[in-house]
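Each protein sequence line maps, in turn, to chains Z and X. When the count follows this note's numbering, it moves up by one through the first sequence with no breaks and lands on 331 for the last residue. When the count follows this note's numbering, it moves up by one through the second sequence with no breaks and lands on 331 for the last residue. We treat Cβ as the ideally placed atom computed from N, Cα and C, and that holds for glycine. These numbers were taken from a predicted model, which means no experiment stands behind them. This report concerns only the one structure given below.
There are 2 protein chains.
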Amino acid sequence: MTPAPDKDSPVVSSSSPATGPLPFGRLAIVGVGLIGSSLARAALARGLAGEVALADADPAVVARAAELGIGTSFHADAAEAAAGADLVISCVPVGACGLVAEAIGPVLKPGAIVSDVGSVKAAVVERMLPHLPEKDRFVPAHPVAGTEFSGPDAGFADLFEGRWSILTPPPGTAEEAISTVAAFWEACGANVETMTPAHHDLVLAITSHLPHLIAYNIVGTAADIEEVTQSEVIKFSAGGFRDFTRIAASDPTMWRDIFLNNKLAVLEALGRFSEDLAALQRAIRWGDGDALFNLFTRTRAIRRSIIDVGQDTPSPDFGRRPPGK
Amino acid sequence: MTPAPDKDSPVVSSSSPATGPLPFGRLAIVGVGLIGSSLARAALARGLAGEVALADADPAVVARAAELGIGTSFHADAAEAAAGADLVISCVPVGACGLVAEAIGPVLKPGAIVSDVGSVKAAVVERMLPHLPEKDRFVPAHPVAGTEFSGPDAGFADLFEGRWSILTPPPGTAEEAISTVAAFWEACGANVETMTPAHHDLVLAITSHLPHLIAYNIVGTAADIEEVTQSEVIKFSAGGFRDFTRIAASDPTMWRDIFLNNKLAVLEALGRFSEDLAALQRAIRWGDGDALFNLFTRTRAIRRSIIDVGQDTPSPDFGRRPPGK
């Protein structure tokens, strides 16, 4: 089984396939956006729970989820969905997860496991744990999967297939709770790895938060250049720019909360990025072609590794063609 | 027909479908990489020339091009390919285009048009024009299309379909030469726009050169962080990082030459990017959620415009799924 993290070793283990008490009697999902609605669809499609109770603070989202039929009950109130559930998963932006924990804490049935899907983990533990009655049954998780779209219509059952879900149980979490959450993610098609919240936040600052920040920034910069029209930026975006616009189209609330809640790790990653960029700027200014060539050669190898482990497609240009082609 | 650029108006016109003396008797392509081999395939597939003569300085590339059968004759010597051609297109990295012009200049038949496909244009004019016998028959072009792969095997006939090719004829270029080159690109499936070399270099610094520089830089930064292993960066790359690795896998020689040959515009774009990034860094440090949210909302609109004009696919996550899905 997956052990709880140890202070001296940030990455604890890759999980082996875990067995757990699946299917759940009742699974509750609070927040029915891209991730929440994908989890709901996966749970229904794969028979992972008898009941799939969905809650959202936005009445329009509750109504739409019911229309889509992606759960077995639909609630405006998180506590109502969580009551009687074996596993409750918060799928709201990180800034709102404390409110969810506060709402569900009092109604959780004994032994219920609580989890979440937030993209930062130390802040989630800090915000949610104080409100939960059984501290050893909280297993924070982060599925490293998504698209640039948001809302209940954007989700799909296969979203987690072949992707990683990172569990970050605080010290003292019950082994059985950890293995149950691991089994749930594996049943959704994901690979599971366990690490400390702090290490997670460092790793994701590099692999996700910094790339999003850079993408948002470059799209903003391009929009503001007065010598080049917006229409030119859009027309000639196939030269590279459009790759950045995809992730710069991600949900603004979710990403605001991520940056505000992983401040130190993001600022550290950003500091290194800016240092390296200054060196590259200097190489361009002084015409140091060798420095440029060496970096550009090194980065190719990383792309190959990502394709080798199945985390991206090897099709040229992501396989995308103009519409109709 | 497409007029030659005027000093006071950087963007001269979008072309209307031009007619020209297609098919050519002989088309010569010097440099058989991704773009050169795609042009050769497009010309053959669409019957744009009676002969398609291919030349490359690398004997292995010449042999491979012959093996692939993507031309009608194959040459180690650029002059041999260019002799007797109606249109000669240099498809070598920008740093080598002066050598190509020097080699072909003496053998060009009277009235032959010379063009290129370089990603920077002012430097190309400066390097090639002095070696060409008929100054008014040089029509530099830049197809804004490509993939992260290189070499003769990477090309395909449809690469230019629905993409833009930007012509940057120097003042005084013959109208008929410009319209012939425009007709050639349109016959390859591209849209054609004409602008000055200087304006092209500004526009592409933003839409292509800066994005590549940023992508190369972030991939380098991620590889160097010692608290996070390379294997973690690769495993969890689906959080955003992998989008950057695609363009950071582009040809190192080509991109070194671009940065060295569009120095001023790239440094200017980079300066703005860094300024904007510093402001974003400050917003994170001081917890200014509104500043973050406002930027992240603004950038979504640009993504939508790029999809609306057909320069990217609206499929979530570029439509890519793990291998086998």
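DSSP on residue i, reduced to helix/strand/coil?
| i | result |
| --- | --- |
| residue 31 (chain X) | strand |
| residue 117 (chain Z) | coil |
| residue 376 (chain Z) | A question about residue 376 (chain Z) goes unanswered here, because the residues of chain Z that appear run from 7 up to 331. |
| residue 146 (chain X) | strand |
| residue 59 (chain X) | strand |
| residue 224 (chain Z) | helix |
| residue 261 (chain X) | helix |
| residue 318 (chain Z) | coil |
| residue 191 (chain Z) | helix |
| residue 95 (chain X) | strand |
| residue 76 (chain Z) | coil |
| residue 231 (chain X) | coil |
| residue 38 (chain X) | coil |
| residue 300 (chain X) | helix |
| residue 125 (chain X) | coil |
| residue 54 (chain Z) | coil |
| residue 171 (chain Z) | strand |
Which same chain residues, not among the five before or five after residue i, have their C-beta less than 7 angstroms away from its C-beta?
| i | result |
| --- | --- |
| residue 77 (chain Z) | 46, 58, 59, 60 and 71 |
| residue 37 (chain Z) | 62, 96, 97 and 98 |
| residue 132 (chain Z) | none |
| residue 217 (chain Z) | 253 |
| residue 53 (chain Z) | 29 |
| residue 319 (chain X) | 325 |
| residue 256 (chain X) | 154 and 218 |
| residue 179 (chain Z) | 10, 142, 144 and 145 |
| residue 139 (chain X) | 111 and 114 |
| residue 23 (chain Z) | Caution is warranted here: a pLDDT of 42 is assigned to residue 23 (chain Z), below 50, making its placement in the model unreliable, and the coordinate value is therefore given only provisionally. Only 192 meet the Cβ criterion. |
| residue 109 (chain X) | 84 and 85 |
| residue 225 (chain X) | 250, 251 and 254 |
| residue 20 (chain X) | A caution first: residue 20 (chain X) carries a pLDDT of 42, below 50, which makes its placement in the model too unreliable to give a value. |
| residue 27 (chain X) | 186 |
| residue 222 (chain Z) | 254 |
For residue i, I'd like the list of residues in its chain whose CB is within less than 8 angstroms of its CB, leaving aside the five on either flank, ordered along the chain.
| i | result |
| --- | --- |
| residue 150 (chain Z) | 169, 170, 171, 172, 210, 213 and 214 |
| residue 14 (chain X) | Only weak support exists for where residue 14 (chain X) lies, its pLDDT of 44 falling under 50; the value from the coordinates is given anyway. Hits under 8 angstroms: none found. |
| residue 68 (chain X) | 38, 60, 61, 62, 80, 81 and 82 |
| residue 162 (chain Z) | 44 and 47 |
| residue 316 (chain Z) | 168 |
| residue 134 (chain Z) | 96, 103, 104, 106, 107, 120, 122, 144 and 146 |
Name, please, each residue of chain X whose Cβ falls closer than 9 angstroms to the Cβ of residue i.
| i | result |
| --- | --- |
| residue 299 (chain Z) | 258, 259, 261 and 262 |
Name the chain X residues that come within less than 8 angstroms of residue i, Cβ to Cβ?
| i | result |
| --- | --- |
| residue 214 (chain Z) | 242, 245, 246 and 247 |
| residue 160 (chain Z) | 322 |
If you drop the 5 nearest sequence neighbours on each side, which residues of the same chain put their C-beta closer than 6 angstroms to that of residue i?
| i | result |
| --- | --- |
| residue 128 (chain X) | 203, 204 and 207 |
| residue 115 (chain X) | 90 |
| residue 41 (chain X) | 97 and 123 |
| residue 49 (chain X) | 33, 55 and 58 |
| residue 331 (chain X) | Caution applies to residue 331 (chain X), whose pLDDT of 44 falls short of 50 and renders its modelled position unreliable; the model cannot decide the point. |
| residue 260 (chain Z) | 99 |
Below 8 angstroms on C-beta distance, what does residue i contact in chain Z?
| i | result |
| --- | --- |
| residue 217 (chain X) | 224, 245, 246, 247, 249 and 250 |
Note down, in chain order, every chain Z residue with its Cβ under 7 angstroms from the Cβ of residue i.
| i | result |
| --- | --- |
| residue 254 (chain X) | 305 and 309 |
| residue 220 (chain X) | 220 and 224 |
| residue 227 (chain X) | 278, 279 and 282 |
| residue 102 (chain X) | Neighbours of residue 102 (chain X) on chain Z: none; closest Cβ ~13 angstroms, over 7 angstroms. |
Just confirm the distance between the C-beta atoms of residue i and residue j, as a whole number of angstroms; I'd bet it's less than 8 angstroms.
| i | j | result |
| --- | --- | --- |
| residue 121 (chain X) | residue 187 (chain X) | 5 angstroms |
| residue 44 (chain Z) | residue 165 (chain Z) | 4 angstroms |
| residue 332 (chain Z) | residue 148 (chain Z) | The structure shown has nothing for residue 332 (chain Z), since chain Z only spans 7 to 331. |
| residue 125 (chain X) | residue 220 (chain X) | Residue 125 (chain X) to residue 220 (chain X), Cβ: 16 angstroms. No contact. |
| residue 273 (chain Z) | residue 248 (chain X) | 23 angstroms between Cβ atoms; not a contact. |
| residue 227 (chain X) | residue 278 (chain Z) | 5 angstroms |
Output, in chain order, the set of chain X residues within a Cβ distance shorter than 7 angstroms of residue i.
| i | result |
| --- | --- |
| residue 133 (chain Z) | Near residue 133 (chain Z) there are no residues of chain X at all, since even the closest Cβ is about 15 angstroms away, more than 7 angstroms. |
| residue 208 (chain Z) | 233 and 234 |
| residue 28 (chain Z) | Neighbours of residue 28 (chain Z) on chain X: none; closest Cβ ~23 angstroms, over 7 angstroms. |
| residue 295 (chain Z) | 262 and 266 |
| residue 166 (chain Z) | Simply none; closest approach about 10 angstroms. |
Residue i versus chain Z: which residues are under 9 angstroms apart at the beta carbon?
| i | result |
| --- | --- |
| residue 288 (chain X) | Near residue 288 (chain X) there are no residues of chain Z at all, since even the closest Cβ is about 10 angstroms away, more than 9 angstroms. |
| residue 173 (chain X) | The contacting residues do not exist; residue 173 (chain X) stays about 13 angstroms from chain Z at best. |
Could you list the residues in the stretch 178-196 of chain Z with a C-beta less than 8 angstroms from some C-beta on chain X, going in chain order? none
Taking a Cβ distance cut-off of 7 angstroms, strictly less, list which residues of the stretch 229-249 of chain Z are near chain X, in chain order. 229, 231, 233, 234, 238, 239, 240, 241, 242, 243, 244, 245, 246, 247, 248 and 249
Of all the residues that make up the stretch 140-156 of chain X, which are near chain Z by a beta-carbon distance shorter than 8 angstroms? Within the stretch 140-156 of chain X, the qualifying residues are 150, 151, 152, 153, 154 and 155.
Using a Cβ-Cβ cut-off of less than 8 angstroms, give me the residues of the stretch 106-127 of chain X that come near chain Z, in sequence order. 125
Could you please tell me which residues of the stretch 313-326 of chain X, in chain order, have their CB closer than 7 angstroms to any CB of chain Z? 315, 316, 317, 318, 319, 322, 323, 324, 325 and 326
Between the stretch 30-54 of chain Z and chain X, which residues of the former have CB atoms less than 8 angstroms from a CB of the latter, in chain order? Listed in sequence order: no entries.
Just by C-beta distance, which residues in the stretch 67-85 of chain X are closer than 8 angstroms to chain Z? none
Members of the stretch 262-279 of chain X near chain Z, C-beta cut-off 7 angstroms: Those would be 262, 265, 266, 269, 272, 273, 276, 278 and 279, in chain order.
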